[in-house]
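Positions 348 to 663 (this note's numbering) are the ones given, in order, by the sequence shown.
Beta carbons are placed, not taken as given, at the ideal position from N, Cα and C, and that holds for glycine.
These numbers come from a predicted model, not from an experiment.
Here is the structure we will look at.
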Amino acid sequence: MIATNVRRLGLYLMLSFALVSGSLVWWQVVEAPALATRGDNPEVIAARRGLVRGSIFDASGQVLATSEVIEGLSRRTYTDTAFTHVIGYASHPFGTTGVERAFEDLLVGQTDPNPLRDLVNDVFDRQAEPRDLTLTIDKRLQDLAAAELGADAGAVVALDPDTGAILAMVSSPTFDATAISGDEVAARAPMEALRNAENEPLLPRATQGRYVPGSILKVFTAAAALDSGAITPETTFEDQPRQETEGFVVDGFTITEHDLGGIEPALWPLSEALQVSSNIFFAHVGLELGPDPFLSYARRFGFCAPLEIGPPERAL
348 MIATNVRRLG
358 LYLMLSFALV
368 SGSLVWWQVV
378 EAPALATRGD
388 NPEVIAARRG
398 LVRGSIFDAS
408 GQVLATSEVI
418 EGLSRRTYTD
428 TAFTHVIGYA
438 SHPFGTTGVE
448 RAFEDLLVGQ
458 TDPNPLRDLV
468 NDVFDRQAEP
478 RDLTLTIDKR
488 LQDLAAAELG
498 ADAGAVVALD
508 PDTGAILAMV
518 SSPTFDATAI
528 SGDEVAARAP
538 MEALRNAENE
548 PLLPRATQGR
558 YVPGSILKVF
568 TAAAALDSGA
578 ITPETTFEDQ
588 PRQETEGFVV
598 DGFTITEHDL
608 GGIEPALWPL
618 SEALQVSSNI
628 FFAHVGLELG
638 PDPFLSYARR
648 FGFCAPLEIG
658 PPERAL
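Here it is as structure tokens:
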């Protein structure tokens, strides 16, 4: 009996030792390179405090963000507040957002972990070389969009229809991120003011703001209804002209028409209804399509799913 218990104890100890050894090998060998560059690693955060980050440029090569080390602390300078919500900020007390966060490893030169290169850098006391980043956004378009938006709260986004590249992405109101990127003590008052501001300047409205899609959804509704066969380009709705002036009641909710700019209501087919953006016509189209097919097509078009556009922040 004693011998059996001793064997069981020995087996238990051997298994425990193997488990501990395996865990050590996993974390200290296999996962070590990834852990050494993780942005939430306290040692990485401390090490990056004195690193010069790579510069950020617009599509034409104009400088948007630069860094310099002052008294051992890396400080970021941003040149254009129209880009604040795109670039985000790199702040020692407040972390990173926007492009600064999405491309953190590249900007500080800690991409593709290489043990041999890291060993050589340690031996010769070399720091990682930061890499620069060029955006698809054009400063001229960005500044124009910001000027048109003015002081209004909202967002403007312009895309290249052929490639999907973001040419402009502006959120308003904005702020100067330089003030919160340097000295921890000096940065706290500006950040507190931003957090308490009623107009919520910290909110990146282009990616996290929630807005009713409005008439742009009529194009999607038409495409879904045509593809499903719910309507044809020649489809008309008999009551639509009358409802343009009287309203169209659906489940107790009255759909009214917007100002048609002097255009008299008529029995419009799809193309003409789309030209005048008829609320009544497309309400009928939505009913013909039905809720389940509508949702199915919405998902096929990319609604209800995150858009992988670079910066990680987005509306849920």
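Beta-carbon proximity of I434 to G419, cut-off 7 Å: Position 87 of the sequence shown, counted from the first residue, corresponds to residue 434. Position 72 of the sequence shown, counted from the first residue, corresponds to residue 419. Not a contact, by the Cβ cut-off of 7 Å.
Residues that T601 bridges to, as DSSP identifies them: Taking the first residue of the sequence shown as position 1, residue 601 is located at position 254. T601 pairs with V596.
G501 versus S518: straight-line alpha-carbon distance, rounded: Start at 1 with the first residue of the sequence shown, and residue 501 comes out as number 154. Start at 1 with the first residue of the sequence shown, and residue 518 comes out as number 171. One C-alpha to the other measures close to 6 Å.
Supposed close pair V623, L607 - CB separation, criterion 8 Å: Counting from 1 along the sequence shown, the entry for residue 623 is found at position 276. Counting from 1 along the sequence shown, the entry for residue 607 is found at position 260. Their Cβ separation, rounded to whole angstroms, is 6 Å, which keeps V623 and L607 in contact under 8 Å.
Nearest candidate by alpha-carbon position, reference S643, set I417, P551, S575, A437: On the sequence shown, residue 643 is found 296 positions in, with the first residue counted as 1. The residue with the shortest Cα to Cα distance from S643 is S575.
Minimum C-alpha distance to H631 - residue among V532, I602, A534: Along the sequence shown, read from residue 1 onward, the residue named residue 631 stands at position 284. Checking every option, the nearest Cα to that of H631 belongs to I602.
P560 burial status per 10 Å Cβ neighbour count (16 or more: buried): As a position in the sequence shown, residue 560 is number 213, starting the count at 1. Under this definition P560 is an exposed residue.
Three-state secondary structure (DSSP) of S438: Indexing the sequence shown from 1 puts residue 438 at position 91. If DSSP states are grouped into helix, strand and coil, S438 belongs with the strands.
C-alpha distance - L636 paired with E539, whole-angstrom precision: If you number the sequence shown from 1, residue 636 lands on position 289. If you number the sequence shown from 1, residue 539 lands on position 192. Distance between the alpha carbons of L636 and E539: 49 Å.
Contact set for Q409: own chain, Cβ-Cβ below 7 Å, skip 5 residues either direction: Counted from its first residue, the sequence shown places residue 409 at position 62. Closer than 7 Å at Cβ, skipping near neighbours: K486.
Any 3 or more C-beta pairs closer than 8 Å across the region 495-510 and the region 543-560: yes
F600 versus E593: straight-line alpha-carbon distance, rounded: The residue labelled residue 600 in the question sits at position 253 within the sequence shown. The residue labelled residue 593 in the question sits at position 246 within the sequence shown. The straight-line gap from Cα to Cα measures roughly 13 Å.
Those residues which DSSP pairs with T481 across a bridge: Mapped onto the sequence shown, residue 481 falls at position 134. DSSP, once it has assigned bridges, lists F404 as partnering T481.
Identity of the residue in S402, T481, A512 nearest E415 by Cα: The residue given as residue 415 occupies position 68 in the sequence shown. For the residues S402, T481, A512, the minimum Cα distance to E415 belongs to S402.
For G501: DSSP bridge partner residues: Your numbering for residue 501 matches position 154 in the sequence shown. S519.
Same chain, Cβ closer than 7 Å to F450, five either side skipped, listed in chain order: On the sequence shown, residue 450 is found 103 positions in, with the first residue counted as 1. Only L480 meet the Cβ criterion.
One or two residues paired with Y425 in a DSSP bridge: Locating residue 425 in the sequence shown gives position 78, where the first residue counts as 1. In DSSP, Y425 forms a bridge with A412.
Outcome for M361 when other beta-carbon atoms lying within 10 angstroms are tallied against a minimum of 16: Against the sequence shown, residue 361 aligns to sequence position 14. It counts as exposed.
Which of helix, strand or coil DSSP assigns to T431: Position 84 of the sequence shown, counted from the first residue, corresponds to residue 431. T431 falls in the helix class under three-state DSSP.
CA-to-CA distance, Q489 to E447, given in whole angstroms: Looking up residue 447 in the sequence shown gives position 100. Looking up residue 489 in the sequence shown gives position 142. Looking at the two C-alpha atoms, the distance is approximately 18 Å.
Ranges of the beta strand (DSSP E) found wholly within the region 544-624, counting only runs of at least 3: 595-597, 600-602
Given T431 as reference, the closest of A620, A412, E591, H439 once Cα atoms are compared: Along the sequence shown, read from residue 1 onward, the residue named residue 431 stands at position 84. The shortest C-alpha separation from T431 is found at A412.
Spatially closest choice to L482 from E476, D427, A406, by CA coordinates: Locating residue 482 in the sequence shown gives position 135, counting from the first residue. For the set E476, D427, A406, the Cα lying nearest the Cα of L482 is the one of A406.
Three-way DSSP call (helix, strand, coil) for T444 in this model: Looking up residue 444 in the sequence shown gives position 97. Note: T444 maps to coil in three-state DSSP.
Other residues of its chain near H605: CB distance less than 8 Å, five sequence neighbours each side excluded: As a working mapping, residue 605 is identified with position 258 in the sequence shown. Excluding sequence neighbours, H605 sits near S624, N626.
Cβ-Cβ separation, P612 to P580 (assumed contact under 8 Å), whole Å: Numbered from 1 along the sequence shown, position 233 holds the residue referred to as residue 580. Numbered from 1 along the sequence shown, position 265 holds the residue referred to as residue 612. A Cβ-Cβ separation of about 19 Å leaves P580 out of contact with P612 under the 8 Å criterion.
From F628, P548, G529, residue whose alpha carbon lies closest to that of Y425: The sequence position of residue 425 within the sequence shown is 78, counting from 1. When each option's Cα is compared against that of Y425, the closest is G529.
Under 7 Å between C-beta atoms of I527 and P537: Start at 1 with the first residue of the sequence shown, and residue 527 comes out as number 180. Start at 1 with the first residue of the sequence shown, and residue 537 comes out as number 190. Yes, the pair counts as a contact, with Cβ atoms nearer than the cut-off.
Delimiting residues of the alpha helix (DSSP H) encompassing E635: Residue 635 sits at position 288 when you count from the first residue of the sequence shown. Taken as a continuous stretch (DSSP letters only), the alpha helix (DSSP H) holding E635 covers 626-636.
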